[in-house]
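Everything in the sequence shown is counted per the working numbering, starting at 23 for the first residue and increasing by one.
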Amino acid sequence: MAAERGNATVEFALVAPILLAVGLAVLQIALVLHVRATITAAAAEGARAAALAGADLGAGERRTRALLAGNVAGDVVEDITVWRENHEGVLVVAVGVDAQLPLLGLLGPTAMHIDGHALAEQP
Numbered sequence: 023m024a025a026e027r028g029n030a031t032v033e034f035a036l037v038a039p040i041l042l043a044v045g046l047a048v049l050q051i052a053l054v055l056h057v058r059a060t061i062t063a064a065a066a067e068g069a070r071a072a073a074l075a076g077a078d079l080g081a082g083e084r085r086t087r088a089l090l091a092g093n094v095a096g097d098v099v100e101d102i103t104v105w106r107e108n109h110e111g112v113l114v115v116a117v118g119v120d121a122q123l124p125l126l127g128l129l130g131p132t133a134m135h136i137d138g139h140a141l142a143e144q145p
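1) Since E100 is in the beta strand (DSSP E), which residue starts that stretch and which ends it?
2) Looking only at its own chain, which residues have a Cβ that is under 6 Å from the Cβ of A142, when we skip the five neighbours before and after it?
3) What does the alpha-carbon distance come out to for the pair L36 and L49?
4) Quick check on this structure: which residue in A95, H109, A91 has the alpha carbon closest to the alpha carbon of T62?
5) Distance, Cα to Cα, L90 vs V44?
6) Would V32 be called buried (16 or more neighbouring beta carbons within 10 Å of its own) or exposed?
7) In whole angstroms, what is the alpha-carbon distance linking E107 and L79?
8) Between G76 and L42, what straight-line distance do the alpha-carbon atoms span, to the nearest angstrom?
9) Output the boundary residues of the alpha helix (DSSP H) element that contains A81.
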């Protein structure tokens, strides 16, 4: 028993940094997934806004920016593009969002591109 005195302190000093790193990694993953989901929803909503009958492509960009304003995801957005495309005979409006991933370290990819699509309404 006397030989085991002070082992708890050493064990804590060895295990605490590992637990802290794992906890921070979980928070990092949660933040990245939240930002990705928010940008995906904003891009899809912007595409729907631009796809309305009589709407222009600028409406999609404005709607996407409005949804991302004041949000954590809005701080990482670099560019928003809106375009029309013909997909197998159907007119589709797409909104593309380029953003930087909110990463603490430089491991893995640091940028992402997300597209949202909607069928264009005919007047």
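Beta carbons are placed, not taken as given, at the ideal position from N, Cα and C, and that holds for glycine.
Inspection of the coordinates gives the following:
1) 99-109
2) A73, L113, V115
3) 21 Å
4) A95
5) 29 Å
6) exposed
7) 12 Å
8) 53 Å
9) 79-90
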